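Read top to bottom, the protein sequences are chains U and C.
Here the numbering used here is used: the first residue of the first sequence is 730, the next is one more, and so on.
Here the numbering used here is used: the first residue of the second sequence is 730, the next is one more, and so on.
Ideal Cβ placement from N, Cα and C applies to all residues, glycine included.
Since we're looking at a predicted model, the values are computed, not measured.
Read through the structure below, which is laid out as structure tokens, and then see the notes.
There are 2 protein chains.
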Amino acid sequence: MAAPGVRPPGRSAPARYRVRMASLAAVPNPAPPGAPTGLRERKKQRTRDALVDAAHRLFLSQGYAATTVDEIAAAVDVSQRTFFRYFANKEEAALAVLADAEEYFVGRLRARPAAENPLTAMRAAICESWRDLSAAHAHGGRGVTAALELLQLIESTPTLLAAHLRRSADQERRVVEILAAREGLDPAVDLRPRLLAAVFGAVIRSAHLAWSAERTDPDSQASRDDGPEAMIALIERHLDQLAPALTGDWRR
Amino acid sequence: MAAPGVRPPGRSAPARYRVRMASLAAVPNPAPPGAPTGLRERKKQRTRDALVDAAHRLFLSQGYAATTVDEIAAAVDVSQRTFFRYFANKEEAALAVLADAEEYFVGRLRARPAAENPLTAMRAAICESWRDLSAAHAHGGRGVTAALELLQLIESTPTLLAAHLRRSADQERRVVEILAAREGLDPAVDLRPRLLAAVFGAVIRSAHLAWSAERTDPDSQASRDDGPEAMIALIERHLDQLAPALTGDWRR
DNA sequence: GAGATTATGTCAGCTGCTGACAACTGGCAA
DNA sequence: TTGCCAGTTGTCAGCAGCTGACATAATCTC
Chain U
730 MAAPGVRPPG RSAPARYRVR MASLAAVPNP APPGAPTGLR ERKKQRTRDA
780 LVDAAHRLFL SQGYAATTVD EIAAAVDVSQ RTFFRYFANK EEAALAVLAD
830 AEEYFVGRLR ARPAAENPLT AMRAAICESW RDLSAAHAHG GRGVTAALEL
880 LQLIESTPTL LAAHLRRSAD QERRVVEILA AREGLDPAVD LRPRLLAAVF
930 GAVIRSAHLA WSAERTDPDS QASRDDGPEA MIALIERHLD QLAPALTGDW
980 RR
Chain C
730 MAAPGVRPPG RSAPARYRVR MASLAAVPNP APPGAPTGLR ERKKQRTRDA
780 LVDAAHRLFL SQGYAATTVD EIAAAVDVSQ RTFFRYFANK EEAALAVLAD
830 AEEYFVGRLR ARPAAENPLT AMRAAICESW RDLSAAHAHG GRGVTAALEL
880 LQLIESTPTL LAAHLRRSAD QERRVVEILA AREGLDPAVD LRPRLLAAVF
930 GAVIRSAHLA WSAERTDPDS QASRDDGPEA MIALIERHLD QLAPALTGDW
980 RR
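As structure tokens, then:
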């Protein structure tokens, strides 16, 4: 329960949220091979999902800064201290969904055939990820809408943006390692893995921004509800513009 | 002075630091045209510089997290409240030097001839910035060493890294606007300014990392003390690797 | 079912950060 | 010089994020 004496005795947010949790957090990892299915583990996963879900909902309705950790914890009927045992900080709860998505992407990238050239592999892995993930929690397209909302929340909240970018940097490092291993290169010597990862990350972020902006714009053709194909198309368009952006004179 | 009752009555850090302040914060803007030279303004600038300087020193010697805002304020003989009137938060004090450098870079970029192609302009602006800035506070190379230390501090402090990346994102947005204006493009339509800015930012960051790593490595040829040419060379090398990283198969 | 593990709650406390108000200081004009 | 105005600073009080320590309650193992 909330920190003693901070909130009035009658809690504002009742603890009935254990119902539709994990609508966002779940990822199509059907059954992790050696997953311990003990009651303990399941319970832990449930409260974790519930926390992510409650946080997401509160952040979107009241704003990130205006939402207290106490509130989130209370919404799940858990002590504040417990919240911090699941997440290192408030941001982590907000970005947990993205963390899962990145995990999935890494899996996809590792699964690409080694013969493929690196850029193609990245391109394919990203597209697969978007397709699979939005199919996974598409309860009538809600998955994509939720992603949109989250991206906008992040972009409009300095603290969250900072945390998100830091996470992205970590992710980039992992990608560098994967690419280097694939091609049998030492990333400290050969700059190409690092550069490709960095550029790719930049393109993804740029696509996110464009997507988010396009969907917010009222007189845009893009509907808020069309599937992941829109995002995939955007990413492709960005990737295609990459070379022209880097070479020669822009004027025509 | 420090928050009441938190620190022992006899302050630990004496307030004698008004001496060599601004060794880091100063930027070669010889004399801002319409700079109001009132005593008030000068005093403000002095305490600001002193705060930046004290923060830098304390962060490097004790670590970022272990350094209290109270300590920094006490070192300059100023109240904690005053510290927060100069900086929105602890990070801002740590990254103030970089903010100045970015400001300088923007100025350089704006000054590039309009006929130049965008990539060339960025390349030139970055090189000029490094050269000028390290010349400016090179009291025997200390400028570059200080930059190195700061970069490493940032890279090894998650909070700082996050704040730094967020700042970089802001900077990127400014660069996008400048590029778009230069070429007479609407960045919402034409992706190239955004992509070039993003890619360039990624390359710079990658070069920073490499530089920092190279200088930490004990058995590297790079000395900790050679000038900005080393960094410039690194950036050039990264930029040259950009195209190869994006095209075709990496194996030879 | 007993004992070892592990998750949770409670308590106390530090640190970052902010609003409000009072006291001071430099700038400026009468 | 005097005296007012505006901008700067210090003090106080307080919230919110986060953590260590310890006790308790829930699972797991045998």
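Can you check whether the C-beta of residue 762(U) is within less than 7 angstroms of a C-beta belonging to chain C?
Here the model assigns residue 762(U) a pLDDT of 44, short of 50, so the residue's position is not dependable, and the following value carries that caveat. Judged by the 7 angstroms Cβ criterion, residue 762(U) is not in contact with chain C.
Three or more C-beta pairs below 8 angstroms linking the region 886 to 894 of chain U and the region 905 to 923 of chain C:
no
For the alpha helix (DSSP H) holding residue 894(U), just list the boundary residues, first then last.
Per DSSP, residue 894(U) belongs to the alpha helix (DSSP H) from 887 to 912.
How many angstroms separate the CA atom of residue 745(C) from the CA atom of residue 789(C)?
Any reading at residue 745(C) must be qualified, since the residue scores a pLDDT of 27, below 50, and its modelled position is unreliable; the value itself is stated next. When rounded, the distance between both Cα atoms is 19 angstroms.
Who are the Cβ neighbours of residue 859(U) in its own chain at under 6 angstroms, not counting the five residues just before and after it?
Taking residue 859(U) as the centre and dropping the five residues before and after it, the same chain places the C-beta of 957, 960, 961 closer than 6 angstroms to its C-beta, in chain order.
Under 8 angstroms from the C-beta of residue 973(U): neighbouring residues of chain C
921
Going by CA-CA distance only, name the one from 886(C), 844(C), 832(C) that's closest to residue 862(C).
Ranked by how close their Cα comes to the Cα of residue 862(C), the residues 886(C), 844(C), 832(C) have 832(C) in first place.
Residue 816(C) versus residue 822(C): straight-line alpha-carbon distance, rounded:
Roughly 6 angstroms separates the two Cα atoms.
Sequence-distant residues of its chain with Cβ nearer than 8 angstroms to residue 897(C) (five each side left out):
930, 934
For residue 966(U), which residues in the same chain have their Cβ closer than 6 angstroms to its Cβ, ignoring the five residues on either side in sequence?
none
C-alpha gap between residue 811(C) and residue 784(C), whole angstroms:
14 angstroms
Assuming the contact rule is C-beta atoms closer than 8 angstroms, residue 904(C) and residue 876(C) should be a hit. Round their C-beta distance to whole Å, please.
Rounded, the Cβ-Cβ distance is 20 angstroms, inconsistent with contact.
Just checking my contact of residue 773(C) with residue 798(C) at CB under 8 angstroms: how many whole Å lie between their CB atoms?
Not confirmed; about 19 angstroms, so no contact.
Does the beta-carbon distance from residue 881(U) to residue 941(U) come in below 7 angstroms?
yes
Give the residues of chain U in contact with residue 892(C), contact being defined as C-beta atoms less than 7 angstroms apart.
891
Which residues of chain C have a Cβ atom closer than 9 angstroms to the Cβ of residue 932(U), listed in chain order?
Under the 9 angstroms cutoff, chain C gives 924, 927, 928.
Residues within the region 846 to 876 of chain C neighbouring chain U, beta-carbon criterion of under 8 angstroms
846, 847, 848
Would you please verify whether the beta carbon of residue 744(U) is less than 7 angstroms from any beta carbon of chain C?
Annotation note: pLDDT 28 at residue 744(U) (below 50); position unreliable, coordinate value reported separately. For residue 744(U), the answer is no, since every Cβ of chain C falls outside 7 angstroms of its Cβ.
Give me the chain C residues within the contact set of residue 978(U), using Cβ-Cβ distance strictly less than 7 angstroms, ordered along the chain.
846
Of the residues 800(C), 767(C), 842(C), 804(C), the one placed nearest residue 779(C), counting alpha carbons only
804(C)
Which residue comes first and which comes last in the alpha helix (DSSP H) that contains residue 979(U)?
No alpha helix (DSSP H) holds residue 979(U); DSSP gives it neither H nor E.
Beta-carbon contacts of residue 886(C) that lie in its chain and below 6 angstroms, excluding the five residues immediately before and after:
793
Hey, quick one: how far does the alpha helix (DSSP H) through residue 808(C) stretch, first residue to last?
From DSSP, residue 808(C) is part of no alpha helix (DSSP H); its letter is neither H nor E.
Terminal residues of the continuous alpha helix (DSSP H) containing residue 840(U)?
819 to 840
How far does the alpha helix (DSSP H) with residue 931(U) in it extend, from its first residue to its last?
Run containing residue 931(U): 921 to 945, per the alpha helix (DSSP H) assignment.
Can you tell me where the alpha helix (DSSP H) with residue 788(C) in it begins and where it stops?
Residue range 768 to 791 is occupied by the alpha helix (DSSP H) that includes residue 788(C).
Backbone secondary structure at residue 844(U) - three-state DSSP
coil
Return the CA-CA distance between residue 802(C) and residue 800(U), expressed in angstroms with no decimal places.
33 angstroms
Through-space distance from residue 911(U) to residue 840(U), alpha-carbon basis:
11 angstroms
Leaving out five residues on either side along the sequence, give the residues of the same chain with a beta carbon under 7 angstroms from the beta carbon of residue 982(U).
Nothing can be reported for residue 982(U): it is not among the residues displayed for chain U, which extend from 730 to 981.
Give me the Cα-Cα distance between residue 781(C) and residue 808(U), rounded to the nearest whole angstrom.
39 angstroms
Could you compute how far the alpha carbon of residue 923(U) sits from the alpha carbon of residue 855(C)?
20 angstroms
Rounded C-alpha distance that separates residue 899(U) from residue 768(C):
47 angstroms
Below-7 angstroms beta-carbon distance, residue 935(C) vs any chain U residue:
At least one CB atom of chain U sits nearer than 7 angstroms to the CB of residue 935(C).
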